[in-house]
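Participant:
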Amino acid sequence: MNEALSLRRIFEGKWTQGAIPLVLLVALLLIIEIAAPGFLTGETVALLFANTAVLFILATGVTFAILLGGIDLSIQAVASLASVILAQLLPSLGLAAFPVAILSGLAFGTLSGIVHVKLRVPSFVATLATGGVVTGIALWVSDGRAITIEEGGRENTAWINATVAGLPVVVLISAVIGIASFLALRYTRFGRQAIAVGAGEPAAWAAGINVDRTKIIAFAASGMLAAIAGVVLAARLSSGSPVLANQLLLPAIAAVIVGGTAITGGLGGVARTAVGALIISIVRIGMTFVGVNIFLENMVFGAVLIAAVAITIDRSKIAVIK
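The letter at position 211 of the sequence shown is residue 211 when you use the UniProt record's numbering, and the numbering goes up by one with no holes.
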């Protein structure tokens with residue numbers, strides 16, 4: 001009994017929650033390399049990073065919401081709408097279409113935050129409802145169809161698909177976003193306050209933190225980064241669609257949790273999300289690389305997610321697990 005309690009304390013320790021995802025990442029890489037020699041080549045690793053870039057940008061945004069103890073279920077809808085806006089406006093606005101699409105994400109992320117804070121609606125419901133509104137707008141604007149970025153528009157998106165010093169530009173974009181987000185959480189007042197709110201909202205109120213403002217900023221950041229992810233995805237695929245990012249919601253949230261950020265908030269960060277995004281990509285791409293059946297891929301993915309939630313959840317904040 002004592003040994004079981006000691007083992008549980010070890011797995012619930014902060015250092016363990018941070019180390020386990022990194023150990024898992026290394027283990028997955030070694031397993032796949034042993035099963036399929038040649039996986040860890042420069043070309044394959046560059047492709048892995050490129051395929052992880054959009055997922056990481058989405059996951060970085062939702063990290064802000066989860067650190068507060070909330071959730072953002074509108075990110076896939078916001079990303080899809082941004083892709084539609086970019087595809088439609090590129091012919092007429094050129095490069096100016098990029099900031100317009102990104103600002104749409106900022107606007108809807110702010111809306112989610114305001115609904116959550118001012119109307120006292122749980123973030124789960126607020127962002128789910130906002131996502132429904134955004135999806136409706138995307139379907140209406142696009143007439144429910146995918147919009148191809150024609151040759152003229154591709155001239156303005158070619159830079160996203162280029163490489164610099166052998167690295168895809170999308171990887172550099174995600175790295176810049178990751179570093180900026182990491183610095184914002186680590187060294188700014190907003191970052192410190194976001195962690196404090198996630199660790200204990202009543203205590204944050206008592207300490208004089210403007211909790212409502214902190215939450216709105218976090219959801220605004222999540223929406224803006226979701227739009228950036230949608231823009232990058234549209235540029236890579238040369239099309240925008242109202243359902244373009246629909247399959248990325250669960251992987252993005254899973255990347256945050258698998259990376260070691262507690263679903264209950266107050267513990268984690270962007271560096272952990274980067275590790276989690278790589279784990280998700282390796283599970284999805286690596287299993288295919290070695291020829292694992294698609295149904296077994298889903299089993300592995302589900303097992304990793306369950307284990308990550310079990311390890312990172314802060315049970316002291318939840319009296320009853322429902």
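Glycine included, each C-beta is placed from N, C-alpha and C at the ideal position.
Using only alpha-carbon positions, find the residue among Ala126, Ala262, Ala235, Thr163 that is nearest to Phe98.
Facilitator: Residue 98 sits at position 98 when you count from the first residue of the sequence shown. The shortest Cα separation from Phe98 among Ala126, Ala262, Ala235, Thr163 belongs to Ala235.
Participant: Determine the direct distance from the alpha carbon of Ala218 to that of Leu278, and round the result to whole angstroms.
Facilitator: For the purposes of this step, residue 278 is taken as the residue at position 278 of the sequence shown. For the purposes of this step, residue 218 is taken as the residue at position 218 of the sequence shown. Cα to Cα, Leu278 sits roughly 23 Å from Ala218.
Participant: Using 10 angstroms around the beta-carbon of Leu183, count the other beta-carbons present and answer buried if the total reaches 16, otherwise exposed.
Facilitator: The count along the sequence shown starts at 1 and reaches residue 183 at position 183. Leu183 comes out exposed.
Participant: One question on the structure: do Ala206 and Val197 come within less than 9 Å of each other, judged by their Cβ atoms?
Facilitator: Locating residue 206 in the sequence shown gives position 206, counting from the first residue. Locating residue 197 in the sequence shown gives position 197, counting from the first residue. Not in contact: Ala206 and Val197 (Cβ atoms no closer than 9 Å).
Participant: I'd like to confirm the pairing. Which residues does DSSP put opposite Thr163 in its beta bridges?
Facilitator: Along the sequence shown, one-based indexing puts residue 163 at 163. According to DSSP, Thr163 bridges with Pro168.
Participant: Roughly how many angstroms separate the alpha carbons of Ala245 and Ser80, rounded to a whole number?
Facilitator: Here residue 245 is taken as the residue at index 245 of the sequence shown, counted from 1. Here residue 80 is taken as the residue at index 80 of the sequence shown, counted from 1. Those two C-alpha atoms are separated by around 5 Å.
Participant: Rounded to a whole number of angstroms, what is the C-alpha to C-alpha distance between Ser241 and Ala19?
Facilitator: Locating residue 241 in the sequence shown gives position 241, counting from the first residue. Locating residue 19 in the sequence shown gives position 19, counting from the first residue. Distance between the alpha carbons of Ser241 and Ala19 is about 38 Å.
Participant: Pull up the CB-CB distance for Ala226 and Ile75, whole angstroms please, since I reckon it's below 8 Å.
Facilitator: Residue 226 sits at position 226 when you count from the first residue of the sequence shown. Residue 75 sits at position 75 when you count from the first residue of the sequence shown. Ala226 to Ile75, Cβ: 4 Å. Contact.
Participant: Excluding the 5 residues preceding and the 5 following Gln247 in the sequence, name in chain order all residues of the same chain whose CB lies nearer than 7 Å to its CB.
Facilitator: What you label residue 247 is simply residue 247 of the sequence shown in a count that begins at 1. Excluding residues within five positions, none has a Cβ falling inside 7 Å.
Participant: Does the pairing of the stretch 117-124 with the stretch 253-271 give three or more beta-carbon distances under 8 Å?
Facilitator: No, they do not touch.
Participant: With H, G and I counted as helix, E and B as strand and the rest as coil, what does DSSP make of Gly38?
Facilitator: The residue given as residue 38 occupies position 38 in the sequence shown. Gly38: coil per DSSP, three-state reduction.
Participant: Skipping 5 residues on each side, what residues in its chain have a beta carbon closer than 7 Å to that of Leu111?
Facilitator: Numbered from 1 along the sequence shown, position 111 holds the residue referred to as residue 111. Closer than 7 Å at the Cβ level, and outside the excluded window around Leu111, lie Thr130.
Participant: Determine the direct distance from the alpha carbon of Arg186 to that of Ala199, and round the result to whole angstroms.
Facilitator: The residue given as residue 199 occupies position 199 in the sequence shown. The residue given as residue 186 occupies position 186 in the sequence shown. About 15 Å.
Participant: Round the Cβ separation of Ser238 and Ile149 to the nearest angstrom and send it over; I've been treating them as touching at under 8 Å.
Facilitator: Here residue 238 refers to the residue found at position 238 when the sequence shown is read from its first residue. Here residue 149 refers to the residue found at position 149 when the sequence shown is read from its first residue. The pair is a contact, with the Cβ atoms about 5 Å apart (cut-off 8 Å).
Participant: Cα separation between Gly38 and Leu24?
Facilitator: By one-based count along the sequence shown, residue 38 stands at place 38. By one-based count along the sequence shown, residue 24 stands at place 24. Rounded to the nearest angstrom, the two C-alpha atoms are 20 Å apart.
Participant: Is it buried or exposed, Asn210, if we count other Cβ atoms within 10 angstroms and call 16 or more buried?
Facilitator: Working through the sequence shown from its first residue, we reach residue 210 at position 210. Exposed is the call here.
Participant: Note down, in chain order, each residue of its chain lying with its Cβ closer than 8 Å to the Cβ of Glu201, except the 5 sequence neighbours on either side.
Facilitator: Here residue 201 is taken as the residue at index 201 of the sequence shown, counted from 1. If we look at Glu201 and ignore the five residues flanking it on each side, its Cβ neighbours are Gly69, Val211.
Participant: Please work out which residues of its chain come closer than 6 Å, Cβ to Cβ, to Thr135, disregarding the five sequence neighbours upstream and downstream, and give them in chain order.
Facilitator: If you number the sequence shown from 1, residue 135 lands on position 135. The residues are Ala77.
Participant: Pull up the DSSP beta-bridge partners for Gly240, would you.
Facilitator: In the sequence shown, the residue the question calls residue 240 occupies position 240. DSSP lists Ile147 as partners of Gly240.
Participant: Span of the alpha helix (DSSP H) holding Thr135?
Facilitator: Stepping through the sequence shown from its first residue, residue 135 is reached at position 135. Run containing Thr135: 123-142, per the alpha helix (DSSP H) assignment.
Participant: By how many angstroms is the C-alpha of Val275 removed from the C-alpha of Glu3?
Facilitator: Start at 1 with the first residue of the sequence shown, and residue 3 comes out as number 3. Start at 1 with the first residue of the sequence shown, and residue 275 comes out as number 275. With a pLDDT of 47 at Glu3, under the threshold of 50, the modelled position of this residue cannot be trusted; read the value that follows with caution. If I take the Cα positions, the gap works out to 30 Å.
Participant: Might you give, ordered along the chain, the residues of its own chain that have their beta carbon closer than 8 Å to the beta carbon of Ser104, omitting 5 neighbours on each side?
Facilitator: As a working mapping, residue 104 is identified with position 104 in the sequence shown. Val78, Leu81, Ala82, Ile85, Ala227, listed in sequence order.
Participant: If you reduce the DSSP assignment to three classes, tell me which class Met1 lands in.
Facilitator: As a working note, residue 1 is residue 1 in the sequence shown. Note that Met1 scores a pLDDT of 45, beneath 50, so its modelled location is shaky; the value from the coordinates is reported in the next line. Met1: coil per DSSP, three-state reduction.
Participant: Work out the CA separation of Gly166 and Ile32 for me, nearest whole Å.
Facilitator: Taking the first residue of the sequence shown as position 1, residue 32 is located at position 32. Taking the first residue of the sequence shown as position 1, residue 166 is located at position 166. Distance between the alpha carbons of Ile32 and Gly166: 24 Å.
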